[in-house]
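Report on one structure; see the data block that follows.
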Amino acid sequence: MQLGLVSGDLMLVARLEGAARQLGWKLVTAGSTAGAVAWSPEELAAVVVDLRTAGRGVEQFVADWQAAGHDAPIVACGPHVQEELLAIARNAGCAAVVTRGQIDREAEQILTAVTNQA
15 MQLGLVSGDL MLVARLEGAA RQLGWKLVTA GSTAGAVAWS PEELAAVVVD
65 LRTAGRGVEQ FVADWQAAGH DAPIVACGPH VQEELLAIAR NAGCAAVVTR
115 GQIDREAEQI LTAVTNQA
């Protein structure tokens, strides 16, 4: 299985690569939401979207993701001070919306929860 990450942040890539490894997954990355929609749906356990990369486009990404036949849950993460972006992601239907601090500290637990691997 794979964990998808939409982000250009190398620190987030490194952190989620470790989390993916702990869960027995491989990390795949895309620098844009358009690149992520092209991923093979059957390979993905979950996808993490960095709201600093997706911004307000997270709504369109969720719609495009579902229209492309993806059913892997989407976890959106962003700075805690960007409450409006976090709310947009929540309203768009992301399986989980967390702060950057939460994903840094609890990535494995968050991913386990959204993929029902507990």
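According to our numbering, the stretch in the sequence shown is residues 15 to 132, in order.
All residues carry an ideal CB built from backbone N, CA and C; glycine is no exception.
For clarity, every value in this text was computed on a predicted model and none was experimentally measured.
For residue j and residue i, the rounded distance between their alpha carbons
i, j, result
"M15", "G38", "8 Å"
"R104", "K40", "26 Å"
"I124", "L58", "16 Å"
"I117", "G49", "22 Å"
"H84", "I102", "20 Å"
"T67", "L99", "11 Å"
"L26", "W53", "19 Å"
"P55", "Q74", "18 Å"
"A23", "E97", "Just to set this straight, residue 23 is Asp in the shown sequence, not Ala. So the alpha carbons of these two residues sit roughly 20 Å apart."
"Q36", "S21", "20 Å"
"G111", "L65", "Residue identity differs from the one stated: residue 111 is Val in this sequence, not Gly. Whole-angstrom Cα-Cα distance: 10 Å."
"R29", "S46", "19 Å"
Test item: CB-CB of residue i and residue j under 8 Å
i, j, result
"V72", "V63", "yes"
"A44", "A121", "no"
"T129", "P93", "no"
"A109", "V89", "yes"
Rounded Cβ spacing between residue i and residue j (contact assumed at less than 8 Å)
i, j, result
"C91", "T113", "7 Å"
"G107", "V76", "5 Å"
"G18", "V42", "5 Å"
According to DSSP, residues forming a beta bridge with residue i
i, result
"I88", "V61"
"T43", "L19"
"A110", "V89"
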